[in-house]
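Chemist:
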Amino acid sequence: MGSWRGLGTLIACLFLLRLLPSPACPAACHCSAGEVDCTERDLHEVPQNLSANISTLWLGYNFITVLRPGSFPFLPVLLRLSLPHNHLGTIHSQALVGLGALQELDLSNNYLTVLTSETFLPLISLVMLNLGSNRLGELEPRVLYALPQLQVLFLHSNPWVCTCSIQSLWHWLSHNREKMKGGWCMVLGH
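Next up, the structure:
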(Lines of atoms letter the chains of each structure in order from A and count residues from 1; the text may use other names and numbers.)
(Lines give C-alpha, C1' and ligand atoms only; values in the text may rest on other atoms or scores of the structure.)
Protein backbone atom coordinates (compact mmCIF):
# COMPACT_ATOMS: atom_id res chain seq x y z
CA MET A 1 0.00 0.00 0.00
CA GLY A 2 2.86 2.39 0.84
CA SER A 3 4.42 1.95 -2.60
CA TRP A 4 1.14 3.06 -4.23
CA ARG A 5 1.12 6.17 -2.06
CA GLY A 6 4.70 6.97 -3.12
CA LEU A 7 3.83 6.38 -6.76
CA GLY A 8 0.74 8.60 -6.43
CA THR A 9 2.82 11.36 -4.87
CA LEU A 10 5.38 11.08 -7.66
CA ILE A 11 2.69 11.29 -10.35
CA ALA A 12 1.11 14.30 -8.64
CA CYS A 13 4.49 16.07 -8.46
CA LEU A 14 5.19 15.38 -12.12
CA PHE A 15 1.76 16.70 -13.05
CA LEU A 16 2.34 19.89 -11.05
CA LEU A 17 5.74 20.37 -12.68
CA ARG A 18 4.07 20.29 -16.09
CA LEU A 19 1.77 23.10 -14.98
CA LEU A 20 4.68 25.38 -14.09
CA PRO A 21 5.42 27.92 -16.80
CA SER A 22 8.45 27.02 -18.89
CA PRO A 23 11.13 29.65 -19.37
CA ALA A 24 10.18 32.22 -21.94
CA CYS A 25 11.88 32.40 -25.28
CA PRO A 26 14.81 34.85 -25.07
CA ALA A 27 13.57 38.22 -26.31
CA ALA A 28 16.05 38.41 -29.19
CA CYS A 29 15.31 34.90 -30.43
CA HIS A 30 12.61 32.93 -32.20
CA CYS A 31 11.49 29.67 -30.57
CA SER A 32 9.46 26.75 -31.87
CA ALA A 33 9.21 23.01 -31.17
CA GLY A 34 12.42 22.56 -29.20
CA GLU A 35 14.41 24.90 -31.42
CA VAL A 36 15.79 28.32 -30.47
CA ASP A 37 17.02 30.54 -33.30
CA CYS A 38 19.12 33.51 -32.20
CA THR A 39 20.85 34.01 -35.56
CA GLU A 40 21.95 37.56 -36.44
CA ARG A 41 20.70 39.18 -33.22
CA ASP A 42 23.81 41.19 -32.28
CA LEU A 43 24.29 39.00 -29.21
CA HIS A 44 27.51 39.29 -27.21
CA GLU A 45 26.80 36.28 -25.00
CA VAL A 46 24.66 33.16 -24.94
CA PRO A 47 21.11 33.92 -23.72
CA GLN A 48 20.57 32.53 -20.21
CA ASN A 49 16.80 32.07 -20.03
CA LEU A 50 16.75 28.97 -22.24
CA SER A 51 14.36 26.11 -21.65
CA ALA A 52 16.08 22.91 -20.54
CA ASN A 53 14.16 20.92 -23.15
CA ILE A 54 15.53 22.53 -26.33
CA SER A 55 17.21 20.26 -28.86
CA THR A 56 18.67 22.86 -31.26
CA LEU A 57 20.27 26.23 -30.55
CA TRP A 58 21.27 28.51 -33.44
CA LEU A 59 23.65 31.33 -32.43
CA GLY A 60 25.37 32.11 -35.72
CA TYR A 61 26.34 35.56 -37.01
CA ASN A 62 26.56 37.27 -33.62
CA PHE A 63 29.38 38.87 -31.62
CA ILE A 64 30.09 36.19 -29.02
CA THR A 65 33.83 36.34 -28.27
CA VAL A 66 34.19 34.06 -25.23
CA LEU A 67 32.44 30.98 -23.89
CA ARG A 68 32.97 31.11 -20.13
CA PRO A 69 32.03 28.58 -17.45
CA GLY A 70 28.28 28.87 -17.11
CA SER A 71 27.81 30.31 -20.60
CA PHE A 72 25.21 27.62 -21.14
CA PRO A 73 22.53 26.68 -18.64
CA PHE A 74 22.01 22.93 -18.10
CA LEU A 75 20.65 21.71 -21.45
CA PRO A 76 20.36 17.92 -21.06
CA VAL A 77 18.64 17.27 -24.41
CA LEU A 78 20.49 19.76 -26.63
CA LEU A 79 21.60 17.85 -29.74
CA ARG A 80 22.73 20.65 -32.09
CA LEU A 81 24.65 23.81 -31.21
CA SER A 82 25.56 26.19 -34.01
CA LEU A 83 27.96 29.10 -33.34
CA PRO A 84 29.44 29.97 -36.77
CA HIS A 85 30.46 33.48 -37.79
CA ASN A 86 30.87 34.92 -34.31
CA HIS A 87 34.07 36.46 -33.03
CA LEU A 88 34.73 33.49 -30.80
CA GLY A 89 38.37 33.38 -29.72
CA THR A 90 38.24 31.53 -26.39
CA ILE A 91 36.37 28.52 -25.06
CA HIS A 92 36.98 27.93 -21.36
CA SER A 93 37.54 24.30 -20.40
CA GLN A 94 34.29 24.31 -18.36
CA ALA A 95 32.14 26.21 -20.87
CA LEU A 96 30.43 23.14 -22.35
CA VAL A 97 29.60 21.37 -19.09
CA GLY A 98 25.96 20.26 -19.06
CA LEU A 99 25.83 19.58 -22.81
CA GLY A 100 26.55 15.84 -22.66
CA ALA A 101 23.85 14.90 -25.18
CA LEU A 102 25.24 17.26 -27.83
CA GLN A 103 25.79 15.50 -31.16
CA GLU A 104 26.62 18.36 -33.54
CA LEU A 105 28.78 21.40 -32.80
CA ASP A 106 29.54 24.07 -35.41
CA LEU A 107 32.32 26.48 -34.42
CA SER A 108 33.29 27.42 -37.97
CA ASN A 109 34.31 30.89 -39.13
CA ASN A 110 35.52 32.15 -35.78
CA TYR A 111 38.86 33.26 -34.29
CA LEU A 112 39.83 30.11 -32.39
CA THR A 113 43.60 29.64 -32.14
CA VAL A 114 43.94 27.12 -29.29
CA LEU A 115 41.76 24.31 -27.99
CA THR A 116 42.68 22.21 -24.97
CA SER A 117 41.84 18.56 -24.48
CA GLU A 118 39.52 19.57 -21.63
CA THR A 119 37.39 21.79 -23.88
CA PHE A 120 35.35 18.96 -25.36
CA LEU A 121 35.50 16.44 -22.47
CA PRO A 122 31.83 16.98 -21.50
CA LEU A 123 30.70 16.20 -25.06
CA ILE A 124 30.65 12.42 -24.81
CA SER A 125 27.99 12.07 -27.54
CA LEU A 126 29.50 14.45 -30.11
CA VAL A 127 29.31 13.00 -33.64
CA MET A 128 30.07 16.08 -35.80
CA LEU A 129 32.54 18.89 -35.08
CA ASN A 130 33.14 21.78 -37.46
CA LEU A 131 36.30 23.77 -36.72
CA GLY A 132 36.73 25.00 -40.30
CA SER A 133 37.79 28.58 -41.05
CA ASN A 134 39.28 29.45 -37.70
CA ARG A 135 42.85 30.43 -36.84
CA LEU A 136 44.09 27.03 -35.73
CA GLY A 137 47.75 26.45 -36.55
CA GLU A 138 48.05 23.36 -34.38
CA LEU A 139 45.68 20.99 -32.63
CA GLU A 140 46.64 18.57 -29.91
CA PRO A 141 45.35 15.10 -30.80
CA ARG A 142 44.19 14.76 -27.18
CA VAL A 143 41.43 17.19 -28.17
CA LEU A 144 40.16 14.61 -30.66
CA TYR A 145 40.82 11.55 -28.50
CA ALA A 146 38.43 13.10 -25.97
CA LEU A 147 35.62 12.60 -28.52
CA PRO A 148 35.05 8.83 -28.77
CA GLN A 149 31.82 9.10 -30.81
CA LEU A 150 33.19 11.57 -33.37
CA GLN A 151 32.34 10.56 -36.95
CA VAL A 152 32.69 13.81 -38.92
CA LEU A 153 35.39 16.45 -38.47
CA PHE A 154 35.89 19.65 -40.48
CA LEU A 155 39.30 21.34 -40.19
CA HIS A 156 39.51 23.12 -43.57
CA SER A 157 40.65 26.72 -44.08
CA ASN A 158 42.80 27.01 -40.98
CA PRO A 159 46.38 28.34 -41.18
CA TRP A 160 47.93 24.95 -40.38
CA VAL A 161 51.67 24.95 -39.99
CA CYS A 162 52.44 21.45 -41.22
CA THR A 163 55.72 20.76 -39.44
CA CYS A 164 56.92 18.10 -37.04
CA SER A 165 55.04 19.89 -34.25
CA ILE A 166 51.75 18.52 -35.57
CA GLN A 167 53.04 15.03 -36.26
CA SER A 168 50.82 13.49 -33.57
CA LEU A 169 47.77 15.21 -35.11
CA TRP A 170 48.77 13.87 -38.52
CA HIS A 171 48.99 10.40 -36.97
CA TRP A 172 45.44 10.70 -35.59
CA LEU A 173 44.15 12.01 -38.91
CA SER A 174 45.84 9.23 -40.89
CA HIS A 175 44.08 6.65 -38.73
CA ASN A 176 40.72 8.43 -38.94
CA ARG A 177 40.52 9.46 -42.60
CA GLU A 178 36.88 8.45 -42.86
CA LYS A 179 35.99 11.16 -40.33
CA MET A 180 37.68 14.01 -42.21
CA LYS A 181 35.67 16.26 -44.48
CA GLY A 182 37.60 18.71 -46.65
CA GLY A 183 41.32 19.39 -46.57
CA TRP A 184 43.31 20.38 -43.56
CA CYS A 185 46.97 20.98 -44.35
CA MET A 186 47.37 24.26 -46.20
CA VAL A 187 50.93 25.42 -45.37
CA LEU A 188 53.93 23.16 -45.83
CA GLY A 189 56.79 23.76 -43.42
CA HIS A 190 60.28 22.32 -43.04
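Take the sequence shown: its position 171, counted from the start at 1, is 170 in numbering that gives the first Met the number 0, and no numbers get skipped. We treat Cβ as the ideally placed atom computed from N, Cα and C, and that holds for glycine.
#1: CB residue 146 to CB residue 128, shorter than 9 Å?
#2: Hey, out of 28, 43, 126, 24, whose CA is closest to residue 179's CA?
#3: In three-state terms, what does DSSP make of residue 30?
#4: Only counting runs of 3 or more residues, tell me where the beta strand (DSSP E) segments fall wholly within the region 95-132, in order along the chain.
#5: Relative to the C-alpha of residue 169, which residue among 141, 46, 28, 43 is closest?
#6: Do you know how far the Cα of residue 75 is from the Cα of residue 25?
#7: Identify, in the order they occur along the chain, each residue of the same chain with its Cβ nearer than 6 Å to the Cβ of residue 65, setting aside the five sequence neighbours on each side.
#8: Is the region 50-60 touching the region 75-86 in the sense that three or more CB pairs, one from each, lie closer than 8 Å?
#9: Taking the alpha-carbon positions, what's the residue 157 to residue 134 distance?
Modeler: So, to answer that:
#1: Within the sequence shown, numbered from 1, the residue matching residue 146 stands at position 147. Within the sequence shown, numbered from 1, the residue matching residue 128 stands at position 129. Taking 9 Å as the Cβ cut-off, residue 146 and residue 128 qualify as a contacting pair.
#2: As a first step, residue 179 is located in the sequence shown; it is residue number 180 there, counting from the start. Checked all of 28, 43, 126, 24; the closest Cα to residue 179 is 126.
#3: As a working mapping, residue 30 is identified with position 31 in the sequence shown. Reduced to three states, the DSSP call for residue 30 is strand.
#4: 103-105, 127-129
#5: Stepping through the sequence shown from its first residue, residue 169 is reached at position 170. Comparing Cα positions, the closest option is 141.
#6: The residue given as residue 25 occupies position 26 in the sequence shown. The residue given as residue 75 occupies position 76 in the sequence shown. Going by the C-alpha atoms only, they are around 18 Å apart.
#7: Within the sequence shown, numbered from 1, the residue matching residue 65 stands at position 66. Here the set comprises 89.
#8: Per the Cβ contact rule, the region 75-86 is in contact with the region 50-60 (3 or more Cβ pairs under 8 Å).
#9: Your numbering for residue 157 matches position 158 in the sequence shown. Your numbering for residue 134 matches position 135 in the sequence shown. Roughly 5 Å separates the two Cα atoms.
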